[in-house]
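A.B. asks: Quick note: the sequence shown uses our numbering, first residue 1, plus one each step.
Even glycine gets a Cβ: it sits at the ideal position worked out from N, Cα and C.
Here the structure is a predicted model, which is why all the values come from computation and not from measurement.
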Amino acid sequence: MTTKTRGEQTPPRDRRRVIVGVGVGLLVVGAALGFGELAAGLFRATSPVVTVGDALVDNSPPFLMELAISIFGTADKAVLITGVVIVLVLAGAVLGVVALRRPLLGYAGLVLFTAAGLAAVALRRADDLGAAAAVVVGAAAGAVALALLLRSVRHTPEPGRGEGAEASADTETGASTQDSAAAVPAPGPDRGPGRRGFMFTAAGVLAASGSAGALGRWLPSLLGGAGSRAELALPAPAVPLPALPSGVDLGVPGVASFTTPSADFYRIDTALTIPRLDSTQWKLRVHGLVDRPFEIDMDELLSRELVEADITLACVSNQVGGDLISNTRWLGFPLADLLNEAGVRSGADQILSTSSDGWTCGTPTEVVMDGRDALLAVGMGGEPLPYVNGYPARMVVPGLYGFVSATKWVTDIKLTRFADEQAYWAQRGWGVRAPIKTMSRVDVPAPLGRVGSGEVVLAGIAWAQHRGIDAVEVRVDDGDWWEAELAAVPGIDTWVQWVTETTVDPGNHSVEVRATDSTGFTQPSERVDPIPDGATGRHRIRFTAT
1 MTTKTRGEQT
11 PPRDRRRVIV
21 GVGVGLLVVG
31 AALGFGELAA
41 GLFRATSPVV
51 TVGDALVDNS
61 PPFLMELAIS
71 IFGTADKAVL
81 ITGVVIVLVL
91 AGAVLGVVAL
101 RRPLLGYAGL
111 VLFTAAGLAA
121 VALRRADDLG
131 AAAAVVVGAA
141 AGAVALALLL
151 RSVRHTPEPG
161 RGEGAEASAD
171 TETGASTQDS
181 AAAVPAPGPD
191 RGPGRRGFMF
201 TAAGVLAASG
211 SAGALGRWLP
221 SLLGGAGSRA
231 ELALPAPAVP
241 LPALPSGVDL
251 GVPGVASFTT
261 PSADFYRIDT
271 ALTIPRLDST
281 QWKLRVHGLV
291 DRPFEIDMDE
301 LLSRELVEAD
311 ITLACVSNQV
321 GGDLISNTRW
331 LGFPLADLLN
341 EAGVRSGADQ
351 ILSTSSDGWT
361 CGTPTEVVMD
371 GRDALLAVGM
381 GGEPLPYVNG
391 YPARMVVPGL
401 YGFVSATKWV
411 TDIKLTRFAD
421 EQAYWAQRGW
431 GVRAPIKTMS
441 RVDVPAPLGR
451 VGSGEVVLAG
461 IAWAQHRGID
471 AVEVRVDDGD
481 WWEAELAAVP
491 GIDTWVQWVT
501 ETTVDPGNHS
511 VEVRATDSTG
521 FTQPSERVDP
531 IPDGATGRHR
541 IRFTAT
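1) What residue range is occupied by the uninterrupted alpha helix (DSSP H) comprising residue 313?
2) Rank 428, 101, 39 and 519 by C-alpha distance to the C-alpha of residue 17 and give the top, closest one.
3) Can you give the beta carbon distance from residue 404 to residue 454, rounded, assuming they're within the 8 Å contact cut?
4) Spatial neighbours of residue 496 within its chain, please: C-beta separation below 6 Å, excluding the five flanking residues on both sides.
5) Mind reading off the beta-carbon distance from residue 275 to residue 356? Whole number of angstroms is fine, and I expect it under 8 Å.
6) When you compare the CB positions of residue 549 and residue 232, do they come within less than 8 Å of one another, or not?
7) I'd like to know whether the C-beta atoms of residue 494 and residue 311 end up nearer to each other than 8 Å.
8) How many whole angstroms separate the CB atoms of residue 511 and residue 458, which I take to be in contact at a CB cut-off of 8 Å?
9) So the beta strand (DSSP E) residue 416 belongs to, where does it begin and stop?
10) Would you kindly work out how many angstroms separate the C-alpha atoms of residue 451 and residue 61, rounded to a whole number?
11) Taking the alpha-carbon of residue 314 as reference, which of 48, 535 and 478 has the nearest alpha-carbon?
12) Helix or strand or just coil, what does DSSP make of residue 218?
13) Buried or exposed, going by whether 16 or more other CB atoms sit within 10 Å of the CB of residue 87?
14) Going by alpha carbons, who is nearest to residue 545 out of 445, 371 and 135?
15) Counting C-beta neighbours from all protein chains within 10 Å, is the total for residue 228 16 or more, i.e. buried, or is it exposed?
16) Quick check for students: name the residue ranges of the beta strand (DSSP E) that lie wholly in the stretch 434 to 520, counting only runs of 3 or more.
17) Residue range of the alpha helix (DSSP H) that residue 363 falls in?
18) On the CB-based measure, 16 or more other CB atoms within 10 Å of its CB, does residue 199 come out buried or exposed?
19) Looking only at its own chain, which residues have a Cβ that is under 6 Å from the Cβ of residue 369, when we skip the five neighbours before and after it?
20) Decide if residue 77 is buried, meaning its Cβ has at least 16 other Cβ atoms within 10 Å, or exposed.
21) Based on the DSSP output, what are the partners of residue 325 in its beta bridges?
22) In chain order, what residues of the same chain lie with their CB nearer than 7 Å to the CB of residue 240, ignoring the 5 residues before and after it?
23) Given 7 Å as the limit, tell me if residue 419 has its C-beta closer than that to any heavy atom belonging to the ligand ADP.
24) Measure the alpha-carbon distance for residue 182 versus residue 202 and round it to whole angstroms.
25) Taking just the CA atoms, how far does residue 499 sit from residue 507?
26) Roughly how many angstroms lie between the CA atoms of residue 424 and residue 211, to the nearest whole one?
27) Classify residue 318 as buried or exposed, calling it buried when 16 or more other Cβ atoms lie within 10 Å of its own Cβ.
28) Could you give the DSSP three-state label for residue 277: helix, strand or coil?
29) I'd like the list of long-range same chain contacts for residue 305, defined as Cβ closer than 6 Å, with 5 residues on each side in sequence excluded.
30) Tell me where the beta strand (DSSP E) around residue 377 begins and ends.
31) So for residue 350, helix, strand or coil by DSSP?
32) Grab the span of the alpha helix (DSSP H) containing residue 68 for me, first residue to last.
33) Three-state secondary structure (DSSP) at residue 173?
34) Which value, in whole angstroms, describes the spacing of the CA atoms of residue 192 and residue 110?
35) Could you have a look at residue 298 and say whether DSSP puts it in helix, strand or coil?
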């Protein structure tokens with residue numbers, strides 16, 4: 001008669017315990033994250049995962065942050081959040097396996113996770129008590145889920161025991177089937193409903209966690225109210241700008257349009273989730289080295305004489321030929337008028353602005369006060385600022401890279417000195433004045449693209465905000481430079497399109513471009529990395545003519 005030894009039973013008991021333990025751990029993590037998200041939504045606070053991510057961003061060494069930006073670009077935030085979740089999942093799986101054997105160690109692990117979450121709250125630049133509450137609520141939900149799951153596991157009979165168990169021969173002892181069956185203990189009254197009970201418990205925890213997480217994600221929009229973007233009505237500018245001059249768009253397919261749609265406007269910031277501020281609760285404090293500190297709310301801001309300005313914003317992280325640059329028409333109140341109202345004291349050479357999430361930006365005071373269209377902006381593209389672009393108010397200063405000029409979700413402006421206080425990126429070794437460098441880009445042909453031989457259109461954009469572009473020159477295959485045609489522009493604070501044509505034979509070719517600004521400075525060929533104060537170099541692409 002064929003028999004099976006205990007070592008041949010499938011699946012082995014230890015493997016089953018590990019699988020169940022991993023499942024328990026994942027469900028506990030899911031419960032903690034789901035109910036933490038719900039609490040964050042209720043308290044209008046930051047979720048635990050984002051809290052941990054923010055703490056990592058705020059306390060990472062500069063070289064690591066620069067590396068992440070250079071590798072992942074605008075996807076760096078998604079990569080970080082994904083990494084935090086993966087670590088939590090792996091740690092939860094280990095916790096579940098340990099808790100199955102030593103429940104007290106499982107609860108101790110939850111206590112450690114809670115302590116780490118609260119430490120992350122303390123290490124973040126933002127003061128957010130709601131985030132601490134979300135961590136505690138999430139941990140409590142995880143503890144409840146662990147208790148329910150461990151109870152259901154303890155009440156689940158081992159395979160081969162209890163009702164319906166089949167006896168088998170033991171080849172090691174030679175015991176008969178009847179003797180083996182007699183050795184199996186009968187199920188006791190505390191064995192509960194068995195596997196079905198565990199599955200029901202697991203399904204319940206999963207459903208509750210998922211529902212809580214989804215509700216937490218939707219709550220900000222569900223609770224929108226009068227202060228939401230959809231409810232904000234922008235006034236007409238006191239002196240509207242004329243329509244854009246004809247010819248700002250040359251109509252070349254593939255070239256960035258003169259006005260960037262709001263949905264396509266580049267986004268670079270340190271916020272892992274987009275703040276959704278209530279405009280009815282928003283206030284801006286102006287203080288520091290001023291004679292008359294004051295606060296202004298949204299109603300008062302919108303009652304003032306707002307102005308329009310066409311301004312191109314650019315990120316210092318933009319590589320040569322990069323796309324971290326956009327252009328639009330802004331609506332806002334002149335920052336210089338705001339500062340004059342406060343009365344800036346002598347020696348206050350820095351405007352230290354702070355966003356709602358605690359990020360700080362240092363802007364040279366003299367730049368804002370020199371007559372350029374520096375704005376406390378409330379609208380872009382004829383609409384209120386999108387949440388992602390700084391709703392309800394942000395700073396816009398032409399001629400400077402965004403990290404020293406373009407604070408989104410701004411809530412505080414302090415006049416101070418560069419020698420006394422450093423902004424977020426200055427603390428990490430980046431520049432403190434950072435004027436935008438003269439730059440140009442080839443958009444057409446696309447890099448490594450294929451075009452027909454013969455007449456070929458070459459086109460792109462160039463920019464030197466608050467200086468303006470006087471000329472763009474192009475050359476093919478390292479030949480002679482020739483001047484391209486420039487599109488019209490409404491002023492010196494925007495980019496400009498350029499276009500030209502040439503004839504090429506079949507084969508591989510290169511195109512290089514350089515711009516000259518109104519000061520006579522021509523874009524250099526030497527490549528310099530974006531950090532600490534902006535890239536230099538000429539954009540060069542290769543294409544194939546067929």
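C.D. replies: A quick look at the data gives this:
1) Start at 1 with the first residue of the sequence shown, and residue 313 comes out as number 313. Where residue 313 is concerned, there is no enclosing alpha helix (DSSP H), although the beta strand (DSSP E) it sits in stretches over 307 to 314.
2) Numbered from its first residue, the sequence shown carries residue 17 at position 17. Residue 17 has its Cα closest to that of 101, out of 428, 101, 39 and 519.
3) Numbered from 1 along the sequence shown, position 404 holds the residue referred to as residue 404. Numbered from 1 along the sequence shown, position 454 holds the residue referred to as residue 454. Not a contact, Cβ separation roughly 46 Å.
4) Position 496 of the sequence shown, counting from 1, holds the residue named residue 496. Once the five neighbours on either side are set aside, the close Cβ partners of residue 496 are 462, 469, 486, 487 and 489.
5) What you label residue 275 is simply residue 275 of the sequence shown in a count that begins at 1. What you label residue 356 is simply residue 356 of the sequence shown in a count that begins at 1. Sure, about 5 Å apart at Cβ, within 8 Å.
6) Absent from the model: residue 549. The displayed extent of the chain is 1 to 546, so no value can be given.
7) The count along the sequence shown starts at 1 and reaches residue 494 at position 494. The count along the sequence shown starts at 1 and reaches residue 311 at position 311. Cβ distance < 8 Å, so residue 494 and residue 311 count as in contact.
8) As a working note, residue 511 is residue 511 in the sequence shown. As a working note, residue 458 is residue 458 in the sequence shown. Their Cβ separation, rounded to whole angstroms, is 6 Å, which keeps residue 511 and residue 458 in contact under 8 Å.
9) As a first step, residue 416 is located in the sequence shown; it is residue number 416 there, counting from the start. Here the beta strand (DSSP E) through residue 416 covers 410 to 416.
10) Numbered from 1 along the sequence shown, position 451 holds the residue referred to as residue 451. Numbered from 1 along the sequence shown, position 61 holds the residue referred to as residue 61. Going from the Cα of residue 451 to the Cα of residue 61 covers about 45 Å.
11) For this step, residue 314 is matched to residue 314 along the sequence shown. It is 535 whose Cα lies nearest to the Cα of residue 314.
12) Translated into positions along the sequence shown, residue 218 becomes position 218. It is helical.
13) Locating residue 87 in the sequence shown gives position 87, counting from the first residue. Result: exposed.
14) Indexing the sequence shown from 1 puts residue 545 at position 545. The shortest Cα separation from residue 545 among 445, 371 and 135 belongs to 445.
15) For the purposes of this step, residue 228 is taken as the residue at position 228 of the sequence shown. The residue in question, residue 228, is buried, as its Cβ has 16 or more Cβ neighbours within 10 Å.
16) 439 to 444, 454 to 463, 469 to 476, 496 to 504 and 507 to 517
17) Your numbering for residue 363 matches position 363 in the sequence shown. That residue, residue 363, is in no alpha helix (DSSP H); its beta strand (DSSP E) goes 360 to 364.
18) Numbered from its first residue, the sequence shown carries residue 199 at position 199. Result: exposed.
19) Counting from one through the sequence shown, the residue named residue 369 turns up at place 369. Once the five neighbours on either side are set aside, the close Cβ partners of residue 369 are 336.
20) Sequence index remark: in the sequence shown, residue 77 carries index 77 (1-based). Looking at its Cβ environment, which holds 16 or more other Cβ atoms inside 10 Å, residue 77 is buried.
21) The residue labelled residue 325 in the question sits at position 325 within the sequence shown. Answer is 314, bridged to residue 325.
22) Here residue 240 corresponds to residue number 240 of the sequence shown, with the count starting at 1. Correct list, in chain order: 308.
23) As for the ligand ADP, it is missing from this structure, which has no ligand bound.
24) To locate residue 182, count along the sequence shown from 1; it is residue 182. To locate residue 202, count along the sequence shown from 1; it is residue 202. Reliability of the predicted coordinates at residue 182 is poor, the pLDDT of 37 falling under 50, and no value is obtained from them.
25) Against the sequence shown, residue 507 aligns to sequence position 507. Against the sequence shown, residue 499 aligns to sequence position 499. Residue 507 and residue 499: Cα-Cα distance of roughly 22 Å.
26) On the sequence shown, position 424 is the one that residue 424 refers to. On the sequence shown, position 211 is the one that residue 211 refers to. Using only the alpha carbons, I get a separation of about 37 Å.
27) Along the sequence shown, read from residue 1 onward, the residue named residue 318 stands at position 318. With 16 or more Cβ atoms within 10 Å of its Cβ, residue 318 is classed as buried.
28) If you number the sequence shown from 1, residue 277 lands on position 277. Reduced to three states, the DSSP call for residue 277 is coil.
29) Reading the sequence shown from its first residue, position 305 is the one you call residue 305. 238.
30) Reading the sequence shown from its first residue, position 377 is the one you call residue 377. Unbroken beta strand (DSSP E) run through residue 377: 375 to 380.
31) What you label residue 350 is simply residue 350 of the sequence shown in a count that begins at 1. In this structure, residue 350 counts as strand in the three-state DSSP scheme.
32) The residue labelled residue 68 in the question sits at position 68 within the sequence shown. Where residue 68 is concerned, the enclosing alpha helix (DSSP H) stretches over 62 to 72.
33) Counting from one through the sequence shown, the residue named residue 173 turns up at place 173. Confidence at residue 173 is low in this model, with a pLDDT of 41, below 50, so its placement is unreliable and the value that follows should be read with caution. Here residue 173 sits in coil by DSSP.
34) Locating residue 192 in the sequence shown gives position 192, counting from the first residue. Locating residue 110 in the sequence shown gives position 110, counting from the first residue. No answer about residue 192 holds up, because its pLDDT of 42 lies below 50 and its placement is not dependable.
35) Along the sequence shown, read from residue 1 onward, the residue named residue 298 stands at position 298. If DSSP states are grouped into helix, strand and coil, residue 298 belongs with the helices.
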